[in-house]
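First comes the structure, then the notes that go with it.
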Amino acid sequence: MTVSSPSGAAPWLDQNEQQPLVQIKGVTKKYGEVTAVDNVDLDIYQGELFCLLGGSGCGKSTLLRMLAGFEDLNSGSITIDGVDMANVPAYERPTNMMFQSYALFPHMTVEKNVAFGLEQDEVPKFDIADRVHDILKLVELEDFKKRKPKQLSGGQRQRVALARALVKRPKLLLLDEPLAALDKKLRKQTQFELANIQEKVGVTFIVVTHDQEEAMTLSSRMAVMDAGRFQQIGTPTEIYEFPESRFVADFIGSANIFEGRVTEDGADHVRVQTEFCEVYIDHGHSVKVGSKIWVALRPEKIRITKSEEAVTGPNQVSAVIDDIGYLGETSIYKVALPNGDIFDVTRPNQTRPTHAMQQITWEDKVSISWDSSSAMLLNK
Amino acid sequence: MTDVSNKPPSVSQGSFGSQMMRRIQSHWRQIITVIPFFWLLFFFLAPFFIVAKISLAELAIASPPFTKLVEWTDSGIVTIRLVFDNFVYIWEDSLYFDTYVNSLKISVTSTILCLLFGYPIAYAIVRSGPVAKPLLLFAIILPFWTSFLLRVYSWMGLLADQGTINNLLIALGIIDEPIRMLYTEFAVYIGIVYTYMPFMILPLYATMEKLDNSLNEAAADLGSRPTNTFFRITLPLTMPGIIAGSLLVFIPATGEYVIPDLLGGGNVQMIGRVLFNEFSRNSDWPVAAAVAIVLLFILVLPIMVFQYFQGKASEER
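Chains as they are written, first to last, in the numbering used here: chain G, 1 to 380; chain D, 1001 to 1317.
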């Protein structure tokens, strides 16, 4: 990641170092009775690749369109590079957008599409030609510059749209579901390409996506959005490993979530009693003894062992295999706990199963366990 | 005998009807393409050749009033007489040339006027809300519910010296004497633009409706002001609609007879009126047919241009 801040790779932690490139303050957008974006605050720093992640209708696209200048705000303010955007029309903003539909001009060639933005700024002709050439080289489309959008594949069109948005060297590039129209294999490949290009050009990206894997792969930081509000803002690791709410824990990846009551709250550990076992956590949490709490466990952080005998003690439970889903690279085990809860447990298939091998199979008696650092405590 | 009895009953019966159905099903594609061919053959090509034949004949006192193109003499010799006099006559008499030019001037001007008024109307309809849109479209088509002739007569009532508009302006004290509007070229323009406006608006609407608004947003996002976006994005992308609408106005307007006759009186010469006069008053079928043939060729040219652009546009799409 290219970050201009000398202090390192996390400008959002460095409060006094740098002014945020984008400041969103108390922004609200209503469509009639429906509140699409509800009093949202966000700072985004130079060089970030920031993802807005959420389901459809969560307000992420509306927020992006407000940044681009296509939607008016009902209240609040958006500042880009120190300039309040309130009365700046879309055609004068230092942002460029890559549309979900790509919105390529069908009557213009690739070259003309990419040059369009530069022509608006009255860049000298020879300069336009150079810059168009360079950007098409970056997205590996030099050979296609004379083609019309209809003569390109989906992946090529996506790269034209990216080139067209990047060629003006915007301060901020807005990408609305940039990979949604590609098929799965191409999408995965393009995720990395997109991140590489961002690194090369050093432009700040804000990406809207509904695909959590995409957000995790791409972003330096991301915001999980629901019902017009941010549920959590943080790095992908923070959001995955330290979710703040059941919504985030469940939305990002999958999680087995169950209720418990705090029995011990130490500086370096927490104990929670649940219906089927005691959960011991080897780090402190700001919780109250006796309060109700939720515990979340990631399926890949749970171990399964074959055991006929019942187990007791913290962080382990006896269970029965209820169902198995073979996905190739991993298998999902649905295990039934004594109280009837079903947990998802995933295991990588590191060896090829053979008949001789003892395998875990349906109706097997097992015990499940997890590390004392694995369980996540959620207040809401 | 055993062979026959082994066959399933449906096959052994093999009724004529079901065989026919199967044959139709296997050839339905050819059958469907043949229909427009026959339509054009009977209702365009055949009448065209009949008119072309008459245009190459001479006026004669007969019924129908022209000489025969092909004649069998008693001695069994077939003679074919082609007379180009009618075309020479049309070329040499400046009345016809001037009238063609005047017709084209009026139809081209009317087409431009229809486009200038129709384009913003179509654009407004496309941008209107989900309730207003069908109502506005209905309002565009609504005039077709009343007779065309009746609507032209209404304009006579509005534009006459003692008509509604003049009376109103005099009553308001804006003018002292009636303005002469009926039986002028102005009235003909009003009639043509009014009558053919829906033919301009509907194809324009159809192409604009398909335009993706994100293209406008993309242009704005890339720094283009609204007027520039209109000329660089909207206008080129609505060109198929402009061409289709213009032809739908231009072609019938050139040959228009009723509007110049009723609203223009004797003061506005258009080729449709000349054609009608030759045919009915002078009973000169050959000259009338020649006038029609020349008109057809004048109109075929823009159609071919249109086809060319259509072909090019569909290539790009």
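By construction, the Cβ of each residue, glycine as well, lies at the ideal position given by its N, Cα and C atoms.
Treat the numbers as computed from the prediction; the structure is a model and nothing was measured.
For G/Ser75, the three-state secondary structure derived from DSSP is strand.
Boundaries of the alpha helix (DSSP H) around G/Asp127: Lys125 to Leu138. Contact check between the segment 317-324 of chain G and the segment 286-293 of chain G: fewer than three CB pairs, one atom from each, fall below 8 Å, which does not count as touching. Distance from the CA atom of G/Ser307 to the CA atom of G/Arg221, rounded to whole angstroms, is 42 Å. Under the three-state reduction of DSSP, G/Cys277 is assigned to coil, being neither helix nor strand.
For D/Arg1281, the nearest beta carbon of chain G is not closer than 7 Å to its own beta carbon. Looking at G/Thr209, G/Asp130 and G/Asn196, the one whose alpha-carbon comes closest to that of G/Asp176 is G/Thr209. At a Cβ-Cβ threshold of 7 Å, G/Met98 and G/Ala165 count as neighbours. Taken through DSSP and simplified to helix, strand or coil, G/Glu308 comes out as coil. Along the segment 1210-1221 of chain D, going in chain order, the ones with a CB nearer than 8 Å to a CB of chain G are Asp1212, Ser1214, Leu1215, Glu1217, Ala1218, Ala1219, Ala1220 and Asp1221. When DSSP states are grouped into helix, strand and coil, G/Glu142 belongs to the helix group. G/Tyr31 is outside the set of residues whose beta carbon lies under 7 Å from a beta carbon in chain D. Secondary structure at D/Pro1178: coil, using DSSP grouped into helix, strand and coil. Taking 7 Å as the cut-off, the beta carbon of G/Asn96 is found no closer than this to the beta carbon of G/Lys30. Interface with chain G (7 Å Cβ-Cβ cutoff): D/Arg1127 is excluded. In this structure, G/Leu162 sits away from G/Leu49, with a CB-CB distance that is not shorter than 7 Å. Annotation: the segment 1104-1154 of chain D contains the following complete segments of the alpha helix (DSSP H) (minimum length 4 residues), in chain order: 1132-1141. By the criterion of a C-beta distance shorter than 7 Å, D/Tyr1119 is surrounded in its chain by Leu1204, once the five residues flanking it on both sides are discounted. Only Phe116, Gly117, Gln120 and Asp121 from the segment 114-137 of chain G bring a Cβ to less than 7 Å from some Cβ of chain D. With the rule of 3 Cβ pairs closer than 8 Å, the segment 1253-1273 of chain D counts as touching the segment 1189-1205 of chain D. In this structure, G/Arg159 places its C-beta atom within 7 Å of the C-beta atom of G/Leu141. The Cβ of G/Ser101 sits closer than 7 Å to at least one Cβ of chain D.
In this structure, the CA atom of G/Tyr326 is about 6 Å from the CA atom of G/Ile332. A straight-line Cα-Cα distance of about 37 Å links G/Lys380 and G/Asn196. Here the alpha carbons of G/Glu92 and D/Ser1128 stand approximately 27 Å from one another. Of the candidates G/Ser254, G/Asp282 and G/Gly117, the residue whose Cα lies closest to the Cα of G/Glu213 is G/Ser254. D/Phe1231 counts as exposed, since fewer than 16 other C-beta atoms from the protein chains shown sit within 10 angstroms of its C-beta. Residues of chain D with a Cβ closer than 8 Å to the Cβ of G/Lys168 are, in chain order, Leu1222 and Gly1223. Residues of chain D whose Cβ lies closer than 7 Å to the Cβ of G/Ala68 are, in chain order, Asp1221. For D/Pro1047, the three-state secondary structure derived from DSSP is helix. By the beta-carbon neighbour count (other beta carbons within 10 angstroms, threshold 16), G/Glu264 is exposed. Out of D/Ile1251, D/Ile1050, D/Val1070 and D/Phe1117, the CA that lies nearest to the CA of D/Tyr1100 is found in D/Ile1251. With the criterion set as a beta carbon lying under 9 Å from some beta carbon of chain G, the members of the segment 1231-1253 of chain D are Arg1232, Ile1233, Pro1236, Leu1237 and Met1239, in sequence order. The three-state secondary structure of G/Phe343, taken from DSSP, is strand. In this structure, G/Gly59 places its C-beta atom within 7 Å of the C-beta atom of G/Gly228. The residues Thr1238, Pro1240 and Gly1241, in chain order, have a CB closer than 7 Å to that of D/Thr1207 in the same chain once the five nearest residues on each side in sequence are set aside.
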